[in-house]
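Working notes for the structure below.
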Amino acid sequence: MTFQCRRGPAPDVTFCIYGVMTANFWHCFDADLQTSSTVIVRCLQRMTRGPLLNMDTRESWGPLEFSQSSNWPLHLLDVRLVQDQWTRCSDQAASVSSCAGAALSVPKLRLLHGLLHTDVSTPASELVLRQLDVLQRDDVEPLRGVKNQHFRMMVIGSHMGSNMEPLSMVESCFANAGLSLHATVLGTIYPFPEIMCESFGHCASNRHIDDAVRLLVQQMYRPSWEPQQLLNLLSAGLEDLEQTDLILCAQPMVLCSFLRSLVDQPMLLYQAFPLVGATPKRFRHLLLVQLREVQVSNLRRSTLIAYSEFLAQQVQRQTGQRPQCIRPHSLYALGGKGGAGASTYHPDTVNPRVLLGRLAGWARDGAGAMVQLMEAFAGEMLRPSTSIRLVFLGLSRDASDTVAGIARPFTYNELRRFRAAVYFPWDMGMLLFSELYAIGVPVFLPDRAWVASIIKRMLEYTDFGWWQAREEGSAVALPSSTEVALDWPWFGENSSMAHILSLYDLTDFVRWPYVTTFSSLARMMVALRTADFDSTSRLMLRWNEASLPQSLDILGRTIAAMLDNTTNSPHADASSCV
Numbered sequence: 002m003t004f005q006c007r008r009g010p011a012p013d014v015t016f017c018i019y020g021v022m023t024a025n026f027w028h029c030f031d032a033d034l035q036t037s038s039t040v041i042v043r044c045l046q047r048m049t050r051g052p053l054l055n056m057d058t059r060e061s062w063g064p065l066e067f068s069q070s071s072n073w074p075l076h077l078l079d080v081r082l083v084q085d086q087w088t089r090c091s092d093q094a095a096s097v098s099s100c101a102g103a104a105l106s107v108p109k110l111r112l113l114h115g116l117l118h119t120d121v122s123t124p125a126s127e128l129v130l131r132q133l134d135v136l137q138r139d140d141v142e143p144l145r146g147v148k149n150q151h152f153r154m155m156v157i158g159s160h161m162g163s164n165m166e167p168l169s170m171v172e173s174c175f176a177n178a179g180l181s182l183h184a185t186v187l188g189t190i191y192p193f194p195e196i197m198c199e200s201f202g203h204c205a206s207n208r209h210i211d212d213a214v215r216l217l218v219q220q221m222y223r224p225s226w227e228p229q230q231l232l233n234l235l236s237a238g239l240e241d242l243e244q245t246d247l248i249l250c251a252q253p254m255v256l257c258s259f260l261r262s263l264v265d266q267p268m269l270l271y272q273a274f275p276l277v278g279a280t281p282k283r284f285r286h287l288l289l290v291q292l293r294e295v296q297v298s299n300l301r302r303s304t305l306i307a308y309s310e311f312l313a314q315q316v317q318r319q320t321g322q323r324p325q326c327i328r329p330h331s332l333y334a335l336g337g338k339g340g341a342g343a344s345t346y347h348p349d350t351v352n353p354r355v356l357l358g359r360l361a362g363w364a365r366d367g368a369g370a371m372v373q374l375m376e377a378f379a380g381e382m383l384r385p386s387t388s389i390r391l392v393f394l395g396l397s398r399d400a401s402d403t404v405a406g407i408a409r410p411f412t413y414n415e416l417r418r419f420r421a422a423v424y425f426p427w428d429m430g431m432l433l434f435s436e437l438y439a440i441g442v443p444v445f446l447p448d449r450a451w452v453a454s455i456i457k458r459m460l461e462y463t464d465f466g467w468w469q470a471r472e473e474g475s476a477v478a479l480p481s482s483t484e485v486a487l488d489w490p491w492f493g494e495n496s497s498m499a500h501i502l503s504l505y506d507l508t509d510f511v512r513w514p515y516v517t518t519f520s521s522l523a524r525m526m527v528a529l530r531t532a533d534f535d536s537t538s539r540l541m542l543r544w545n546e547a548s549l550p551q552s553l554d555i556l557g558r559t560i561a562a563m564l565d566n567t568t569n570s571p572h573a574d575a576s577s578c579v
């Protein structure tokens, strides 16, 4: 890059803020060539962290990222990419002249990080084609060889999703083999304690187990509990577990670690949460040592399962052992009491609505401005060619021609009536995404560049979101052998954009096919206006259908090995994750 600015007339007071940002960007490179490159780094940092970017207060930074609300040639992410390479020069105490000669241009930086815009839809991966082939084979159900016909299972965990996802998969394995399974669910707190009873008919309780889970959730971010306190609660509640054949334990993982040492039954440990979450710092390495032993000692007694490639690699880096990885299928959203007979995609095409979810999690107080901005775009770009209305999850306001809100909880039967969903993730894996995908509602996500900007901004200014990868809450690992070359699977406010992108690329948001992405609000409107929703939904459902047998086979063989010692268990690192 040639870091020279062609000076033109001074901008007047009406010059747009994007032009001000561009002018300030080039002004950073007016530094003397022999000075330290740190001068340029500090100048760029004033742009990415200063008042130019905020446009309001720290609490309201929200949606107005330059790269997403303007067609100005220079985007905020470009500034961050340039800042990253100059930071490397500064760390080496290099001068401006020596760094400028080796620096890459903005187009080359975009190309290097895979950020060049493309309108090409995501193609099916080779894995999809292999799974389509597997689907045609008449495989024997692994559990058919189990001698007993009736089984009881206890599910324990704090989160509805991380309880119901593995439970519905286990139920499917037993049903396919013609076996009876009675499941009891304890400990659910999130999103509210009554949800398991009201939505899925699981109404059991155990005061001591429930209190143990509640203790961990209440101290999730500043844990100070003592081991004896947790042991006393769990020990007092063990009577209900004595008659079960199988235990399925979900988050927090420290709960599963303690239970593993207190009960004799085989146990599935399902990880959808940082391994050391809700664990005091002084106990975290001890927890990892115990979980490593769980992974290597006896697969017929315990199996650790992660639900995404990102979490599988994180577990491998933390314990030295890769877990099984089974992608989420959200079978519970397709039927039964919770699904209310939902089945799959059945949109309202007379009054088409598009659900917008998880926006306030990252936009914060700026979410109101984002709604108004989208309403303006929709009025110009969705009318009169479509009658689509944007329905914002959690929004309470009177409906307009293009915008409405839904503040109450909704059923899966209602979810399948939406024409599509626009989803703004704020963690490395989220329940609603896999539910939408399972039902077949076409999903639209911000592209990698926008998400990376959101992640960076949230890491710099908030303690909210991206918990699975935040280094301050999770970055603990056992010493690794010299041949292990796994990247450090956490990020923080000083992480480079390249590192953030590399971790985000391990998520299902990026890896699952048939997900449409957009680089700006304007492109989002174009995508909604031109999408073939029905065709996309059919492809999503077909991929789910193709990938489900592999997931059920891994899980079925794992359970069969636990319940019947004559069955061979799958490899400890078997995976259906993409």
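The opening residue of the sequence shown carries number 2 in this note's numbering; numbering runs sequentially from there.
Every residue gets a Cβ at the ideal spot worked out from N, C-alpha and C, and that includes glycine.
query	result
Kindly list the residues whose CB is nearer than 7 Å to the CB of residue 457, restricted to its own chain and excluding five residues on each side of it in sequence; keep chain order.	81, 498, 501
Using a threshold of 8 Å, state whether the C-beta atoms of residue 143 and residue 561 are closer than that.	yes
Which whole runs of the alpha helix (DSSP H) in the region 460-542 are 4 residues long or more, in chain order?	472-475, 498-505, 509-512, 522-531
If we call anything under 8 Å between Cβ atoms a contact, is residue 407 one with residue 346?	no
Considering only their Cβ atoms, is the gap separating residue 394 from residue 357 smaller than 8 Å?	yes
For residue 192 and residue 414, what's the separation of their Cα atoms in angstroms?	19 Å
Tell me whether residue 452, by its Cβ, gets closer than 7 Å to a heavy atom of the ligand SAH.	Inclusion of the ligand SAH in the displayed structure is not the case, the ligand content being empty and no account of it being possible.
By the 10 Å Cβ neighbour count, where 16 or more other Cβ atoms means buried, how is residue 164 classified, buried or exposed?	buried
Pick out whichever of 437, 296, 36 has its Cα sitting closest to the Cα of residue 98.	36
Just to confirm the assignment, what range does the alpha helix (DSSP H) spanning residue 91 have?	77-92
Thinking residue 506 and residue 147 are a contact (beta carbons under 8 Å), I'd like their distance in whole angstroms, please.	That belief does not hold up - the Cβ atoms of residue 506 and residue 147 are roughly 39 Å apart, past 8 Å.
Should the region 145-161 be called in touch with the region 310-320, which here means at least 3 C-beta pairs below 8 Å?	no
If you draw a straight line from the alpha carbon of residue 199 to that of residue 249, how long is it in whole angstroms?	21 Å
Between 419, 300, 100, 481, which has its C-alpha nearest residue 261's C-alpha?	300
Among the residues of its own chain, which have a CB less than 6 Å from the CB of residue 302, if the five just before and after it don't count?	267
Would you tell me roughly how many angstroms separate the C-alpha atoms of residue 547 and residue 421, rounded to the nearest one?	22 Å
Measuring only the C-alpha atoms, how far is residue 309 from residue 428?	12 Å
Could you check the C-alpha separation between residue 391 and residue 377 for me, to the nearest Å?	12 Å
Taking residue 424 as part of the alpha helix (DSSP H), name the residues at either end of that continuous run.	Run containing residue 424: none in the alpha helix (DSSP H); it sits in the beta strand (DSSP E), 421-424.
Would you report the Cα separation of residue 536 and residue 254, rounded to the nearest angstrom?	40 Å
Suppose you measure from the CA of residue 109 to the CA of residue 83; what does that come to, to the nearest Å?	11 Å
Would residue 107 and residue 159 qualify as a contact pair, given that the criterion is a beta-carbon distance under 8 Å?	no
Note down, in chain order, each residue of its chain lying with its Cβ closer than 6 Å to the Cβ of residue 291, except the 5 sequence neighbours on either side.	258
Which residue wins for smallest C-alpha separation from residue 412, given the options 334, 400, 465, 370?	334
Can you check which of these residues, 265, 281, 172, is closest to residue 225 by C-alpha distance?	281
How many Å lie between residue 503 and residue 327 at the Cα?	21 Å
Give every residue of the same chain whose Cβ lies closer than 6 Å to the Cβ of residue 278, excluding the five residues on either side of it in the sequence, and list them in chain order.	253
Using 10 angstroms around the beta-carbon of residue 189, count the other beta-carbons present and answer buried if the total reaches 16, otherwise exposed.	buried
Can you tell me which of the three DSSP states residue 182 falls into?	strand
What residue does the alpha helix (DSSP H) around residue 210 start on, and which one ends it?	208-219
If I follow the unbroken beta strand (DSSP E) through residue 304, where does it start and stop?	303-307
Considering only residues of the region 272-336, which uninterrupted beta strand (DSSP E) runs meet the minimum length of 3 residues and lie entirely inside it, listed in chain order?	303-307
Measure the alpha-carbon distance for residue 77 versus residue 49 and round it to whole angstroms.	8 Å
Thinking C-beta only, is residue 492 closer than 8 Å to residue 446?	no
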